[in-house]
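Here my numbering is used: the first residue of the sequence shown is 2, the next is one more, and so on. In this text, a Cβ means the ideal position worked out from N, Cα and C, and glycines have one as well. Since the structure is predicted, the reported quantities are computational estimates derived from the model, not experimental observations. In what follows, a single structure is set out as structure tokens and then discussed.
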Amino acid sequence: MAVRPLEKAPALRLHALDNEDLALLSAHLQDALVRVGDIAYLPAKRRFALVGSRFDWAAEMEGRLERCRSGLHFEGVQRVRCQRVSREQPDAILELLAVTFEPGPEPPGGTVRLTFAGGAAICLDVECVEAQLCDIGPRWRTAARPTHDGVGEDAGVSSA
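Below, the structure written as structure tokens:
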């Protein structure tokens with residue numbers, strides 16, 4: 002049986018500059034698979050970045066089950082704290098559930114929280130919401146639509 006090429010979908014490019022923008026970005030990233038080794042914090046540049054395989058929810062609404070390689074980065078990051086994310090296991094896979102923002106005592110600063118299945122989380126203390134999501138790689142079919150069974154409980158947050 003011959004493999005048919007995937008339909009050409011436009012590359013997603015989103016910028017988030019406030020909480021509403023971040024909610025839209027989060028919806029597109031729901032169920033993205035992220036390898037721990039593909040997460041980086043560059044303190045000198047105050048940048049946090051990751052690369053993952055996002056499930057394309059727009060394609061799913063059209064009856065296609067696809068994933069796409071995507072990059073996400075945040076600017077103005079002052080500190081990163083991790084919960085249940087071990088850098089000693091770079092091949093471990095995290096499933097991203099949501100990206101949220103909690104304003105701090107001095108707006109526009111606050112904390113961006115990346116929440117993963119199983120109770121893992123990464124918290125970014127930021128000067129303001131400034132993020133970008135871009136599709137950067139190939140698109141491929143996946144066998145199933147993601148489900149949310151067994152989402153774990155929270156644990157304490159540690160500094161990274």
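### Beta-ladder partner(s) of Trp58, from DSSP
Here residue 58 is taken as the residue at index 57 of the sequence shown, counted from 1. Bridge partners of Trp58 according to DSSP: none are assigned.
### Query
Once you ignore the five residues that flank Gly38 on each side, which residues in its own chain have a CB closer than 8 Å to its CB?
Residue numbering aside, residue 38 sits at position 37 when the sequence shown is read from its first letter. Pro91 and Asp92.
### Task
Quick one: measure Cβ to Cβ for Phe102 and Phe75, integer angstroms, because I've assumed they're closer than 8 Å.
The residue given as residue 102 occupies position 101 in the sequence shown. The residue given as residue 75 occupies position 74 in the sequence shown. For a cut-off of 8 Å, the C-beta gap from Phe102 to Phe75 is around 10 Å, too long to register as a contact.
### Message
Leu25 and Val130 - do their beta-carbons sit closer together than 8 Å?
### Response
Reading the sequence shown from its first residue, position 129 is the one you call residue 130. Reading the sequence shown from its first residue, position 24 is the one you call residue 25. By the CB criterion at 8 Å, Val130 and Leu25 fall outside the cutoff.
### Query
From Ser54 to Gly110, what distance separates their C-alpha atoms?
What you label residue 54 is simply residue 53 of the sequence shown in a count that begins at 1. What you label residue 110 is simply residue 109 of the sequence shown in a count that begins at 1. If you take the alpha carbons of Ser54 and Gly110, they lie about 29 Å apart.
### Query
In this structure, does DSSP put Ser71 in helix, strand or coil?
Walking along the sequence shown from the start, residue 71 turns up at place 70. Reduced to three states, the DSSP call for Ser71 is strand.
### Between the CA atoms of Asn20 and Ala12 - distance to the nearest angstrom
Reading the sequence shown from its first residue, position 11 is the one you call residue 12. Reading the sequence shown from its first residue, position 19 is the one you call residue 20. C-alpha of Ala12 to C-alpha of Asn20: approximately 23 Å in a straight line.
### Query
Out of Leu125, Arg70, Arg114 and Arg146, which has the shortest C-alpha to C-alpha gap to Gly138?
Start at 1 with the first residue of the sequence shown, and residue 138 comes out as number 137. Relative to the Cα of Gly138, the nearest Cα in the group Leu125, Arg70, Arg114 and Arg146 belongs to Arg70.
### Message
In the DSSP output, which residue or residues are listed as bridge partners for Ala122?
### Response
Residue numbering aside, residue 122 sits at position 121 when the sequence shown is read from its first letter. In the DSSP output, where bridge partners are listed per residue, Ala122 has Gln84 and Thr116.
### Query
Cβ atoms of Arg36 and Asn94: under 8 Å apart, would you say?
Working through the sequence shown from its first residue, we reach residue 94 at position 93. Working through the sequence shown from its first residue, we reach residue 36 at position 35. Note that residue 94 is Ile in the sequence shown, not Asn. Yes, they are a contact pair.
#### Entry: Helix, strand or coil at Glu89 according to DSSP, with G and I counted as helix
Against the sequence shown, residue 89 aligns to sequence position 88. It is coil, neither helix nor strand.
#### Entry: Reference Asp136; option with closest CA among Asp57, Pro106, Pro147 and Arg114
If you number the sequence shown from 1, residue 136 lands on position 135. Answer by Cα proximity: Asp57.
### Message
For Glu107, count the other beta carbons within 10 Å of its own beta carbon; 16 or more makes it buried, fewer makes it exposed. Which is it?
### Response
Numbered from its first residue, the sequence shown carries residue 107 at position 106. So Glu107 ends up on the exposed side.
### Query
If you measure from the CB of Gly105, is any heavy atom of the ligand FAD nearer than 7 Å?
No copy of the ligand FAD appears in this structure; indeed no ligand is present at all.
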